[in-house]
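The structure under discussion appears below in the form of structure tokens.
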Amino acid sequence: MYIKSEDTMSSSPVTDEVLKQFIESDVEEEKPSPSRVPSFAPAGSRDALFQLTNFSNNHVEKLSNPEEQLQHLQLQLQEHQQLLNHLKAQQDNSQPVSHKRSSDMLVDVNEIEGAGALGVTSSDGRRAARRAASVRQRTQITELESKLQNVASMHLQLQEENNILRRRMKLLESGVQMREQHLAILMKAREQQQNEHKQQASGFRAPVLDSNVPAGDSPSTSGFSHAKEEYELACTRDTTNKGSVFSNTAMCGIQERLEGVLGDSDSWGPIACSEPTPTYSVQQPAFMSDAKGDTNRMPCGTSFTFFANPAAWSTSVSNMIKKMTPREYQKCWTEFVKEVSMLALSSQAHGLDTEAHLQLVKVVTTCLEVTDHIIALNPAAYYSSMYVNLLTGQSETPPKEYWRRCVQRVKLEPEQVQYCKTAMEEHSRKMAGVMTERTQIASDLSQRLAQGPGYAVERYSQPAVQAAAETSDLAQRLHSNVQKEFVNNSFVIDFLTMQVLTPLQIALLCAASFPFMPDPTAMAEAGLDIAGVELSIL
1 MYIKSEDTMS
11 SSPVTDEVLK
21 QFIESDVEEE
31 KPSPSRVPSF
41 APAGSRDALF
51 QLTNFSNNHV
61 EKLSNPEEQL
71 QHLQLQLQEH
81 QQLLNHLKAQ
91 QDNSQPVSHK
101 RSSDMLVDVN
111 EIEGAGALGV
121 TSSDGRRAAR
131 RAASVRQRTQ
141 ITELESKLQN
151 VASMHLQLQE
161 ENNILRRRMK
171 LLESGVQMRE
181 QHLAILMKAR
191 EQQQNEHKQQ
201 ASGFRAPVLD
211 SNVPAGDSPS
221 TSGFSHAKEE
231 YELACTRDTT
241 NKGSVFSNTA
251 MCGIQERLEG
261 VLGDSDSWGP
271 IACSEPTPTY
281 SVQQPAFMSD
291 AKGDTNRMPC
301 GTSFTFFANP
311 AAWSTSVSNM
321 IKKMTPREYQ
331 KCWTEFVKEV
341 SMLALSSQAH
351 GLDTEAHLQL
361 VKVVTTCLEV
371 TDHIIALNPA
381 AYYSSMYVNL
391 LTGQSETPPK
401 EYWRRCVQRV
411 KLEPEQVQYC
421 KTAMEEHSRK
431 MAGVMTERTQ
441 IASDLSQRLA
451 QGPGYAVERY
461 SQPAVQAAAE
471 TSDLAQRLHS
481 NVQKEFVNNS
491 FVIDFLTMQV
501 LTPLQIALLC
511 AASFPFMPDP
521 TAMAEAGLDI
531 AGVELSIL
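Here the sequence shown stands for residues 1 to 538, numbered as in full-length UniProt numbering.
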């Protein structure tokens, strides 16, 4: 039931129908229903407000795909913003009464009857009704703004979670690529090793009894050489397709600590053959040999560019990488830093589209590829060079402030900081389990040493055999534990250098870290500290 103003005939049918719905909705009893929406809103906006009310009461329905959920919230956010703008426009248009046609305004019957009982004219009643409608509109707008803010905050939260999932996905993809590359490196090294063994076997000649006839390699010599080469290859392979610098170190450490309890380590197995084990020299090009003719060592002043294009390495170059000493690797690194330092300064001064920057990208890429091969084939050369002063050759541990000053020379983008945060959170989460396992291994080792007889035992005696079995188990556990640490560190190093940092940033960090080799994990922590980002380990 409703009434119109005097100029009813001039009103449009659409407006009358809308206003009729508005009056009928006001006359009805107030019911707490989430579907009640202002009738003057357009159909699309009314549906959007209905969806928003249900959304605020029942919360958002979790979708199986975060991308679909994010798009759903974005569409809702746009619709609600349009509805809010429409309501604000309606409120602004209703403020000046002189611009409002009297035929477009309807008055609530209850308000008019109340105004008539008080002796108020119909014009005053209509103005009172308009004021009441304006108040209701303001209340609805306030509620809608509050709901819109809630939806916007949830949208931002879901968007941040989606970004975190994307960064973790990229981190895992980088790890898969890293393992595939190292597996390919090890498979190629194994194939070269097998080919070398076949060549050696084809030239083998059986020994003769006549001493006047020259004989080739004896069976024992050939057997020992094969065993030696297989042992060298085994040191670079394991079940995780990675090499570890700590594998032999761990074995030797346990062996030395138990020698006082179990006697000489030679008593654990057969007596070693007194015949010396020969070494096979692979013929190298003349430019790869030094003055003494040693083809197993790199020439003086060799840089990583000397080993460019690892995919085309020959067997001789692979053997050179396997026999590289930590000191030789340190010399290669020093030459690399000298080269990229000049190229980095030129790139900063003249821009990234110069020949110097192109050369910088080439040198840095070659260094990363060669270092990956060295870590896979000869990890001792790399890890024995960490925390070593390259000028003095002495072991030193720089303080945290040292790495902080190095990172300050490079301006990290906000997205790079977030990727560093994701990598370090994953690294910390995995290393927590590794260190817990290592603590248990140390406890078992201490307990084993405390239970020892305290004196040397005879060879092949029952205590010696039992101790050898227990020691082998501890050594295997320690090797596996150190291998996990090795994989986690390599995981972070490869991700930061291959996916996060640019070649120019890598060159600047390497130059700033000299005379030490850069520690990627320490630098990542320093970068997060500078940016004020805290790790959240789940």
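By construction, the Cβ of each residue, glycine as well, lies at the ideal position given by its N, Cα and C atoms.
By Cβ distance below 7 angstroms, which residues in the same chain neighbour residue i in space, the five residues on each side in sequence not counted?
i	result
Ile-506	Val-364 and Thr-497
His-373	Ile-185, Pro-310 and Ile-321
Ile-530	Arg-404, Val-407 and Gln-408
Phe-304	Cys-332, Phe-336, Thr-366, Cys-367 and Val-370
Val-533	Val-417 and Lys-421
Pro-398	Phe-516
Report the partner residues of residue i according to the DSSP bridge assignment.
i	result
Ser-428	Bridge partners of Ser-428: none, in fact.
Ser-395	Val-388
Since residue i and residue j are thought to touch, with beta carbons under 8 angstroms apart, how far apart are those beta carbons, to the nearest angstrom?
i	j	result
Asn-389	Pro-520	The Cβ separation is near 19 angstroms, so there is no contact.
Val-361	Gln-416	That pair is no contact at about 18 angstroms.
Ala-511	Val-340	7 angstroms
Leu-158	Leu-73	6 angstroms
Thr-315	Gln-194	Thr-315 to Gln-194, Cβ: 11 angstroms. No contact.
Thr-354	Ser-346	7 angstroms
Tyr-387	Glu-396	6 angstroms
Val-410	Leu-509	6 angstroms
CB-CB under 6 angstroms to residue i, same chain, minus the five flanking residues each way: which ones, in chain order?
i	result
Trp-403	Ala-522, Met-523 and Ala-526
Arg-438	Asn-481
Leu-412	Gly-527
Gly-393	none
In or out: residue i buried (at least 16 other Cβ within 10 Å) or exposed?
i	result
residue 548	The shown model of the chain, from 1 to 538, leaves out residue 548, and the question about it has no answer.
His-350	exposed
Met-169	exposed
Ile-375	buried
Glu-61	Its pLDDT being 47, under 50, Glu-61 is placed unreliably in this model, and the value from its coordinates should be taken loosely. With fewer than 16 Cβ atoms within 10 Å of its Cβ, Glu-61 is classed as exposed.
Thr-366	buried
Gly-125	buried
Arg-166	exposed
Val-135	exposed
residue 539	This structure does not reach residue 539, given that the chain is present from 1 up to 538, and the question cannot be answered.
Gln-330	buried
Leu-445	buried
Pro-414	exposed
Leu-391	exposed
Ala-133	buried
Ser-472	exposed
Met-517	buried
Ser-146	exposed
Arg-138	exposed
For the candidate residues the options, whose alpha-carbon lies nearest to that of residue i?
i	options	result
Ala-381	Glu-328, Met-431 and Ala-128	Glu-328
Val-487	Val-176, Ser-346 and Cys-406	Val-176
Ser-490	Leu-172, Arg-405 and Glu-160	Leu-172
Glu-425	Leu-75, His-357, Glu-180 and Val-492	Val-492
Trp-313	His-479, Lys-188 and Ala-442	Lys-188
Leu-183	Arg-138, Gln-418, Leu-377 and Lys-400	Leu-377
Ala-152	Met-435, Gln-71 and Thr-392	Gln-71
Met-342	Gln-330, Ala-356, Glu-180 and Cys-332	Ala-356
Gly-433	Lys-484, His-155, Glu-161 and Ser-513	Lys-484
Ala-475	Gln-137, Asp-494, Phe-495 and Ala-442	Ala-442
Ser-513	Lys-400, Ala-132 and Lys-88	Lys-400
Arg-477	Gly-532, Phe-495, Asp-494 and Gln-440	Gln-440
Met-324	Phe-307, Ala-201 and Ala-133	Phe-307
Kindly list the residues whose CB is nearer than 8 angstroms to the CB of residue i, restricted to its own chain and excluding five residues on each side of it in sequence; keep chain order.
i	result
Ile-164	Thr-422
Leu-148	Leu-52, Leu-77, His-80, Gln-81 and Leu-84
Leu-504	Ala-344, Ser-347, Gln-348, Leu-352, His-357 and Leu-360
Glu-160	none
His-155	Leu-70, Leu-73, Gln-74 and Leu-77
Ser-202	none
Met-431	Glu-485 and Asn-488
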